[in-house]
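**Q**
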Amino acid sequence: MPTRKNREAAIFIYRRDKFLVFHRVSDGFWNVCAGQVEDGESYADGAARELLEETGLVAPLTDLTKAQPYEVDERFQHLYAPGEYIVVVESFATEAPSGWEPTLNHEHDEYRWCSLGDALELLHWPEVKDGLRVLAARLAAA
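Dropping the structure here:
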């Protein structure tokens, strides 16, 4: 029985010129706040839920209108419904309130506020790096 959905949300949390990244317990990779969008949820609703679950933050989200598909590695295709091996990630961003720090859930054991360069070095997934570049460019243009 499939356990994974083929819709995900990535949430980029920033404060001034710093970006928040999280160390994932399950695979040891650094990522942003992210997770599956459940059946019946919009991407925005899934992003808001994941933000709350993974960090404790309730904040307005900006849709980065950056849909990114990726193909599920063959080693993990058994976790998905047959033929559902392309996952689409929609990206969102939110500015963290001054002084706020995340409350980590069981998915993460560490977090860091990083410069753009440091965040890009730490992040594992190319789609997440691309999303971070989009956000950084928008912030620089604002």
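According to the numbering used here, the sequence shown is numbered sequentially starting from 1443.
In this text, a Cβ means the ideal position worked out from N, Cα and C, and glycines have one as well.
At what residues does the alpha helix (DSSP H) containing aspartate 1481 begin and finish?
**A** Indexing the sequence shown from 1 puts residue 1481 at position 39. Aspartate 1481 -> no alpha helix (DSSP H), and no H or E assigned at all.
**Q** From the DSSP output, which residues share a beta bridge with asparagine 1547?
**A** For the purposes of this step, residue 1547 is identified with residue 105 of the sequence shown, where counting begins at 1. DSSP, once it has assigned bridges, lists no residue as partnering asparagine 1547.
**Q** Go to arginine 1449, then tell me how far its beta strand (DSSP E) extends in each direction, as first and last residue.
**A** By 1-based counting over the sequence shown, the position of residue 1449 is 7. Counting along the chain, the beta strand (DSSP E) containing arginine 1449 begins and ends at 1449-1457.
**Q** Is the Cβ-Cβ distance between leucine 1562 and leucine 1574 less than 8 Å?
**A** If you number the sequence shown from 1, residue 1562 lands on position 120. If you number the sequence shown from 1, residue 1574 lands on position 132. Contact flag set, yes.
**Q** Taking Cβ to Cβ, would you say glutamine 1510 is nearer than 8 Å to glutamate 1569?
**A** The sequence position of residue 1510 within the sequence shown is 68, counting from 1. The sequence position of residue 1569 within the sequence shown is 127, counting from 1. Result yes, Cβ atoms of glutamine 1510 and glutamate 1569 sit closer than 8 Å.
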